[in-house]
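Okay, so here's the structure we're looking at.
Residue numbers (full-length UniProt numbering): 1 to 241.
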């Protein structure tokens, strides 16, 4: 039985200019992500992982090549770039809900209750502390019903109690969905991912079961990031394989 492809990358290239010239972080990436395969994207710091997941989610464009999306894909979990500082928390929620075609009232209520912002929900985001902005953005991410959830390193925000809340909602929301998680911490991704691939020299290579790929990644000599502190008893009960 053929796998259902949710995202296809075809010869995707991306470079960034500096005084020293153009640095190509993605150099002809071609890859298919299949439904039900929760994939960790390993790579050293500066390898282009964040750029890749932003492009997969549509938040950034490639210089050349094509990205075909065959499913509803989230923006990166808690991505601050999706929030306007000039708008109130509530207005940001309404805007994103309309973009994704979701029930505005339902999304509003979910984010209000989840974020615990209280009256600040109706204040401009410019007045928020970083922790408040993170809770708002994470809440919006979890309010949207998507086929694919994209994560860029950060799985949860806030203090340990709020991180537990984040992980519990994430585990529930992503059950039956597909997860694409960029990370350089091989231990963090084991909670939710079943497969992995390595971003090396601008290409995605060594796709396979997560334990085997994680071992190859560490053997490459790439610095492995310290796992973010998280409650240790929250995982996805039935990971997709």
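Note that CB positions come from ideal geometry on N, CA and C, so glycine has one too. In this text, all values refer to a predicted model and were calculated from it rather than measured experimentally.
query                                                                                                                        : result
Reference residue 76; option with closest CA among 200, 182 and 218                                                          : 182
CB-CB length for residue 60 against residue 54, believed under 8 angstroms                                                   : 4 angstroms
Cβ shell of residue 6 (< 8 angstroms), same chain only, five flanking positions each side left out                           : 33, 34, 35, 69, 70, 71, 73, 147, 148 and 178
Buried or exposed (CB count within 10 angstroms, at least 16 for buried), residue 22                                         : exposed
Sheet register partners of residue 149 (DSSP bridge)                                                                         : 179
Beta-carbon proximity list for residue 85, same chain, < 6 angstroms, skipping 5 on both sides                               : 125 and 126
6 angstroms CB neighbourhood of residue 8 in its chain, flanking five on each side removed                                   : 32 and 68
Sheet register partners of residue 27 (DSSP bridge)                                                                          : 13
Residue 241 in three-state terms, based on DSSP                                                                              : The predicted model places residue 241 with a pLDDT of 42, which falls under 50 and marks its position as unreliable; any figure quoted below should be read in that light. The answer is coil: DSSP assigns residue 241 none of H, G, I, E or B.
Helix, strand or coil at residue 124 according to DSSP, with G and I counted as helix                                        : strand
Other residues of its chain near residue 106: CB distance less than 7 angstroms, five sequence neighbours each side excluded : none
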